[in-house]
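The sequence shown runs contiguously to residue 1305 in the working numbering. Glycine is no exception: its CB is placed at the ideal position from the N, C-alpha and C atoms. A short worksheet on the structure shown next.
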Amino acid sequence: MNKVVKSLFSAAAVCSLVMAMGTAGAADIKERVMRLAYANGEGNPQHEGSKIFADLVARKSGGKMVVKLFPNGSLGKDIQALSAMQGGTLEMTMMYTSLLVGNSKDAGLVQLPFLWGSWKEVFTVLDGPVGQKIHASLEPRGIIGLGYYGFGFLNMMSNKHPIVTVDDFKGQKLRVTETPINIEFINDLGGNAVSMAVAELYNALEQRIVDGCAQPMINVRYSKYYEVQKYLSLTRHMYEPQSLLFSKKIWDTLSADEKQVIRDAFEESKGPQREMAERLEAESLNIAKEKMKVNEVSAAELAKMRQKVMPMHDKYAKEYNPELFKEMQAEIAKFRSSQK
């Protein structure tokens, strides 16, 4: 690129920045500091995505709106942060969408086993009416859902033996989160589900209190579970999207312009964040292959697992929201048809 072209690009960038600041100055935007709390830290897509979002909020508001980040659960565990946000003492949090099932059963539908086939499929559906309805169902509980970020597919780990066939679940004590779907998934496959907070997981694996667990590849890497787990089996049985959430009590005090800044910042950040999460998932798998015994699970065995747990789809669809699940299935089928 020659000097003249560089100068033109530089001038255009300065002009765009000045225009953005001028627009922000003219808009109804006050100086605000907003806190965003979440469980993970440096390198994790939850943290790195939050940095992208915070930078965009600052730029789009002309520096008036500041998002201050609180990683590593520094303001409490996910549910504590959520409660503080509902009470209006915390502005924002981010967590697995499935953890919101206590506030809206609709949110639990995203966690059904063997529901999702790819990253693109997940976000094609969640960026549309289905995802919007899930987040809208949270509003009566004091939660505004801004949208969905990426994290990764869950795979099984163990110190006892790898998951090669469906029978390999039998006799294994496997840690799960406290959601009903996670517990039933392990038990239906013949394992013994043990509910446990993630903060206790590393020590529990190290001390052999549990044999293994399911985790996204990114957590295997950044929580260093490869230090205390021998086998990794690529089941890809669930996908865990992240919901970026805002306190409704505080949201209702914002001007229309301030709300637009926040919504626009999310919309602009979601693409880069998801791409980063997908890249980190692939990198994390390569690291795991150097430190653990990693095996693919055959299509035939995955089909057997799917068959065993498929009754969960009907059970939880009826319990959570049958019409929304039907719509979700239709959107998934539509996406898959478009990819043929």
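_For Asn1120 and Lys1280, what's the separation of their Cα atoms in angstroms?_
Your numbering for residue 1120 matches position 155 in the sequence shown. Your numbering for residue 1280 matches position 315 in the sequence shown. Taking the straight line from one Cα to the other gives about 23 angstroms.
_Opening and closing residue of the alpha helix (DSSP H) in which Lys1033 lies_ = The count along the sequence shown starts at 1 and reaches residue 1033 at position 68. Run containing Lys1033: none in the alpha helix (DSSP H); it sits in the beta strand (DSSP E), Met1030 to Phe1035.
*Could you round the C-beta distance between Ala1169 and Met1161 to whole angstroms and report it? I think they count as a contact, below 8 angstroms.*
The residue you call residue 1169 lines up with position 204 of the sequence shown. The residue you call residue 1161 lines up with position 196 of the sequence shown. Indeed they touch by this definition, with Cβ atoms about 6 angstroms apart.
*Rounded to a whole number of angstroms, what is the C-alpha to C-alpha distance between Asn1184 and Arg1024?*
As a first step, residue 1184 must be located in the sequence shown, where it is residue number 219. As a first step, residue 1024 must be located in the sequence shown, where it is residue number 59. Roughly 31 angstroms between the two C-alpha positions.
*asked:* Distance check for Ala1002 and Lys1135, CA to CA, integer angstroms please.
replied: By one-based count along the sequence shown, residue 1135 stands at place 170. By one-based count along the sequence shown, residue 1002 stands at place 37. If you take the alpha carbons of Lys1135 and Ala1002, they lie about 38 angstroms apart.
_Helix, strand or coil at His1012 [DSSP, three-state]_ = Here residue 1012 refers to the residue found at position 47 when the sequence shown is read from its first residue. It is helical.
*Would you identify the three-state DSSP class for Leu1021, choosing helix, strand or coil?*
In the sequence shown, the residue the question calls residue 1021 occupies position 56. Residue state, collapsed to three classes: helix.
*Quick one: what's Arg997 bridged to in DSSP?*
Along the sequence shown, one-based indexing puts residue 997 at 32. Met1030, per the DSSP bridge assignment.
*Hey, how far is the Cα of Gly1155 from the Cα of Ser1039?*
Taking the sequence shown and counting its residues from 1, one reaches residue 1155 at position 190. Taking the sequence shown and counting its residues from 1, one reaches residue 1039 at position 74. About 37 angstroms.
_Quick check: what's the CA-CA separation for Ile1128 versus Cys1178?_
Stepping through the sequence shown from its first residue, residue 1128 is reached at position 163. Stepping through the sequence shown from its first residue, residue 1178 is reached at position 213. In a straight line, the C-alpha of Ile1128 is about 11 angstroms away from that of Cys1178.
*For the 8 angstroms Cβ check, are there 3 or more pairs between the stretch 1100 to 1111 and the stretch 1067 to 1074?*
yes
*Which one or two residues does DSSP pair with Lys1258 in a beta bridge?*
Translated into the one-based positions of the sequence shown, residue 1258 becomes position 293. Lys1258 has Tyr1196 as its beta-bridge partners, per DSSP.
*Terminal residues of the alpha helix (DSSP H) in which Phe1134 lies*: The residue given as residue 1134 occupies position 169 in the sequence shown. First-last for Phe1134: undefined, no H or E at that position.
*Might you give, ordered along the chain, the residues of its own chain that have their beta carbon closer than 6 angstroms to the beta carbon of Ile1151, omitting 5 neighbours on each side?*
The count along the sequence shown starts at 1 and reaches residue 1151 at position 186. Excluding residues within five positions, the ones whose Cβ falls inside 6 angstroms are Leu1139, Val1141 and Ala1158.
*asked:* Do Asp1043 and Leu1064 count as a contact pair if the criterion is CB distance below 8 angstroms?
replied: Position 99 of the sequence shown, counted from the first residue, corresponds to residue 1064. Position 78 of the sequence shown, counted from the first residue, corresponds to residue 1043. A contact, by the Cβ cut-off of 8 angstroms.
*Quick one: residues in its chain with C-beta nearer than 6 angstroms to the C-beta of Lys1269, no 5 flanking neighbours on either side, listed in chain order?*
Here residue 1269 refers to the residue found at position 304 of the sequence shown. Short of 6 angstroms from the beta carbon of Lys1269, and not among the five residues preceding or following it, lie these beta carbons of its own chain, in chain order: Val1131.
*Tell me which same chain residues have a C-beta within less than 6 angstroms of the C-beta of Gln1304, skipping the five on either side of it?*
For the purposes of this step, residue 1304 is taken as the residue at position 339 of the sequence shown. So no residue of the chain qualifies.
*Pick out whichever of Gly1115, His1100, Gly1110 and Leu1111 has its Cα sitting closest to the Cα of Glu1086.*
Residue numbering aside, residue 1086 sits at position 121 when the sequence shown is read from its first letter. The shortest Cα separation from Glu1086 among Gly1115, His1100, Gly1110 and Leu1111 belongs to Gly1115.
*Got a sec? Which residues, its chain only, sit under 6 angstroms from Glu1223 by beta carbon, not counting five neighbours each side?*
Looking up residue 1223 in the sequence shown gives position 258. The residues are Ile994.
_First and last residue of the uninterrupted alpha helix (DSSP H) at Leu1065_ = The residue given as residue 1065 occupies position 100 in the sequence shown. Taken as a continuous stretch (DSSP letters only), Leu1065 belongs to no alpha helix (DSSP H), as it is neither H nor E.
*For Ser1302, count neighbouring C-beta atoms within 10 Å of its own C-beta (all shown protein chains included) and say buried if the count is 16 or more, exposed if not.*
For this step, residue 1302 is matched to residue 337 along the sequence shown. So Ser1302 ends up on the exposed side.
*asked:* Using the Cβ count rule (16 or more neighbours within 10 Å means buried), how would you classify Gln1172?
replied: Indexing the sequence shown from 1 puts residue 1172 at position 207. Exposed is the call here.
*asked:* I'd like to check one pair, Ile1099 with Ser1234: are the Cβ atoms closer than 8 angstroms?
replied: Position 269 of the sequence shown, counted from the first residue, corresponds to residue 1234. Position 134 of the sequence shown, counted from the first residue, corresponds to residue 1099. No. Outside cutoff.
*Cut-off 6 angstroms between Cβ atoms - residues of its own chain near Glu1056, not counting five sequence neighbours on either side*: As a position in the sequence shown, residue 1056 is number 91, starting the count at 1. Closer than 6 angstroms at the Cβ level, and outside the excluded window around Glu1056, lie Met999, Arg1000, Ser1212 and Ile1215.
*Comparing alpha-carbon positions, which option in Met1122, Ala1046 and Met1241 lies nearest Tyr1167?*
Within the sequence shown, residue 1167 is the residue found at index 202, counting from 1. Ranking Met1122, Ala1046 and Met1241 by Cα distance to Tyr1167 puts Met1122 first.
*Which residue from Leu1074, Leu1210, Ile1174 and Asp1133 puts its Cα closest to that of Glu1288?*
Here residue 1288 corresponds to residue number 323 of the sequence shown, with the count starting at 1. Looking at the Cα atoms, Leu1074 is the closest of the given residues.
*asked:* Is Pro1010 near the ligand FAD - that is, is its Cβ less than 7 angstroms away from at least one heavy atom of it?
replied: With respect to the ligand FAD, the structure offers nothing, as it holds no ligand at all.
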